[in-house]
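Each residue of the sequence shown is one higher than the last, beginning at -6 in the numbering used here. A quick write-up on the structure given underneath.
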Amino acid sequence: MEITTSAFNGDFTAITTEALVVFVFESKDSEANEGNVLSPHGFPGENISDSNFGPIDIAMEGAITKLVNAKEITGKRGEVTIIHTLGTMSSDRIIVVGLGKEDHVSSEVLRRVMASVCRRLRSINVASISVYPGAINSHKLAFGHEADMDNFLQDIAEGAILGLYKFTKYFSKEDKDAEKNTIEVVCDESYFLDDAQSQIDTGIIIANSTMLARDMVNEPSNYMTPDHMAGVARRIALENGLDIQVFDLTQIQDMGMGGLLGVAKGSVEPPRFIVLSYNGDSASPENNLALVGKGITFDTGGISLKNPGGMMAMKGDMAGAASVISAIEAIAKLRLKINVTALVAATENMPSGSAQKPGDVLRTFGGKTVEVENTDAEGRLVLADAIGYARHIGLTRIIDVATLTGAIVSALGDVCTGAFTNDQELLSEVLGAGESTGEKIWQMPMFSEYKEQNKSQVADVKNTGGSKAGSITAAQFLSEFSEDTPWVHLDIAGTSTSDNISGYHTKGATGTPTRTLIQLASNLSRVHGD
Ligand code: BES
Ligand code: ZN
Ligand code: ZN
-6 MEITTSAFNG
4 DFTAITTEAL
14 VVFVFESKDS
24 EANEGNVLSP
34 HGFPGENISD
44 SNFGPIDIAM
54 EGAITKLVNA
64 KEITGKRGEV
74 TIIHTLGTMS
84 SDRIIVVGLG
94 KEDHVSSEVL
104 RRVMASVCRR
114 LRSINVASIS
124 VYPGAINSHK
134 LAFGHEADMD
144 NFLQDIAEGA
154 ILGLYKFTKY
164 FSKEDKDAEK
174 NTIEVVCDES
184 YFLDDAQSQI
194 DTGIIIANST
204 MLARDMVNEP
214 SNYMTPDHMA
224 GVARRIALEN
234 GLDIQVFDLT
244 QIQDMGMGGL
254 LGVAKGSVEP
264 PRFIVLSYNG
274 DSASPENNLA
284 LVGKGITFDT
294 GGISLKNPGG
304 MMAMKGDMAG
314 AASVISAIEA
324 IAKLRLKINV
334 TALVAATENM
344 PSGSAQKPGD
354 VLRTFGGKTV
364 EVENTDAEGR
374 LVLADAIGYA
384 RHIGLTRIID
394 VATLTGAIVS
404 ALGDVCTGAF
414 TNDQELLSEV
424 LGAGESTGEK
434 IWQMPMFSEY
444 KEQNKSQVAD
454 VKNTGGSKAG
464 SITAAQFLSE
474 FSEDTPWVHL
484 DIAGTSTSDN
494 ISGYHTKGAT
504 GTPTRTLIQL
514 ASNLSRVHGD
């Protein structure tokens, strides 16, 4: 999608477009009426004609006033009113979009509303639109930092792009929705001067990387093999000047990554261990961040085979890997002042004559031994090696991202990601980043009592902790490998995919938590940079 900016020349009637999108807020007192139903920054004062876009109403002989008085336009969040201008203006249509009550509006509201407006317009074959965000800017000016609207042009770009996302590559007939969409943001001088296009470009970079994560997760496992994933990482490295190492089976054996090898044993697809590094602050090597991703390209459960129902979703068991590879792409494109390394342990988890079996004991990268009680708890086995390797190469802050447990889905559903940590400070950075991006994250407890459940009779630890508190015992298992390095584990089993279209999420992969990882790197670079 192309998103451009232009400076508003003061004349709404001269904007030539298929659809001109303007925003309104709902009045605080929704009982009020007669030209005063909407909040000041949508329609100030007594009369719509005095509002941010009053001249549109005048050009259309009071059509908007009439719709407001008839309560067809209320400003409710997500309300979309399409009005044909019938030649009264250069724009074919005016789209009045409700943002809800002004004191509840946020970046997230804007992203979500923008996504649904764009989908609605696509459904009536409108491909090229102009957006006039004057009401949002007035709101920002009136409420200052409290408004959470500093980056509203970035929000508009992210919402529009992510809302229109579709995974169509395997349809043999060309998808008519694939037609190129364009958005022109018509900017008032007050923020146009403030480098509007660069804010939009940031939104485009972040949305494009999020779509890469979605594409990787939606990709069927017969294409998205461990080697194919390494190929995606190689392409990103080449395009963005990153360092990359892809370790093959022999090298993984030489390094002693017993966890990854144990899981990979059952598959004819060879495993890959991928290390992708962006050095944005080479003068300060301590300013680093490890992003570790679970890269199970298909999880059958192995010998502890899963039930067939829902197994298809297990092509997405590499969503953690997809998010860390995609995030580093955006981090590099945004030239953030921080050193970030993405580490991915990629393999299938298959049952076969060569597969590992319950009761097997593995020796992981750092030397700790693990009894495999259940071969379906494979994510923690490959992460044990990847986290150990991150520490081995001197990385001092680790975030791992994994579709790790069904238990987190039981606990939190698909609404929020579960977070676990051994370092509250690092977790607050992650939670803060999640608040900015709208990707909800909820901290789960790490009381040491839970560690008891992972005790093994034959090895240092076992890979399952029984039926109680499954997401927590999984996290406690990982904490054996992060040891004293500040570490946050994000269990995205519930949030990496969506069952329905809602806001900027479409059915299938969500790209979560790519945007939060980018935001985190950006926040950390601001703190530790300069
Ligand atoms: N990949 C699954 C977890 C999962 C479940 C992801 C649902 C996405 C949606 C993981 O490897 C797994 O199978 N975990 C087991 C662990 C158990 C055997 C201790 C689980 O959660 O049932
Ligand atoms: Zn599994
Ligand atoms: Zn899995």
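A virtual CB, placed ideally from N, CA and C, is assigned to each residue, including glycine.
Distance from the CA atom of threonine 6 to the CA atom of serine -1, rounded to whole angstroms, is 15 Å.
In chain order, the residues that have a beta carbon nearer than 5 Å to some heavy atom of ligand 1 are Asp292, Asp310, Asn367, Asp369, Ala370, Gly372, Thr396, Thr398, Gly399, Thr457 and Ala486.
Taking the Cβ of glycine 255 as the reference point, every heavy atom of ligand 2 lies at 7 Å or farther away.
Remark: the shortest separation between the CB of glycine 303 and any heavy atom of ligand 2 does not fall under 7 Å. In this structure, DSSP gives aspartate 220 a helical state, which the three-state scheme calls helix. Between serine 316 and leucine 510, the C-beta gap is smaller than 8 Å, which places the two residues in contact.
Scanning its chain for C-beta atoms nearer than 6 Å, with the 5 sequence neighbours on each side dropped, one finds around glycine 252 the residues Leu355, Thr357, Leu374, Val375, Ala377 and Asp378, in chain order. Glycine 156 has its Cβ no nearer than 7 Å to any heavy atom of ligand 2. In the structure shown, the three-state DSSP call for lysine 59 is helix. For glutamate 341, the CB contacts under 6 Å within the same chain, skipping 5 residues up- and downstream, are Ser260, Glu262, Thr290 and Phe291 in chain order.
When Cβ pairs closer than 8 Å are counted between the two stretches, the region 127 to 135 is seen not to touch the region 462 to 476, the count staying below three. Judged by DSSP secondary structure, aspartate 393 falls within the beta strand (DSSP E) whose first and last residues are 391 to 395.
Judged by DSSP in its simplified three-state form, aspartate 484 adopts strand. In summary, phenylalanine 440 is exposed, with fewer than 16 beta-carbon neighbours lying within 10 Å of its beta-carbon over all protein chains present. Contact annotation: lysine 159 and threonine 505 have beta-carbon atoms that are not nearer than 8 Å. Non-local C-beta neighbours of glutamine 436 in its own chain, meaning closer than 6 Å and more than five positions away in sequence, comprise Ala412, ordered along the chain.
Annotation: the continuous alpha helix (DSSP H) that includes tyrosine 382 extends over 372 to 385. Within the same chain, Gly28, Gly47, Asp50, Ile57, Thr58 and Val61 come within 7 Å of isoleucine 41 by CB-CB distance, once the 5 residues on both sides are set aside. Contact annotation: methionine 250 and glycine 295 have beta-carbon atoms that are not nearer than 8 Å. Not one heavy atom of ligand 3 falls within 7 Å of the beta-carbon of isoleucine 296.
The continuous alpha helix (DSSP H) containing aspartate 208 extends over residues 189 to 211.
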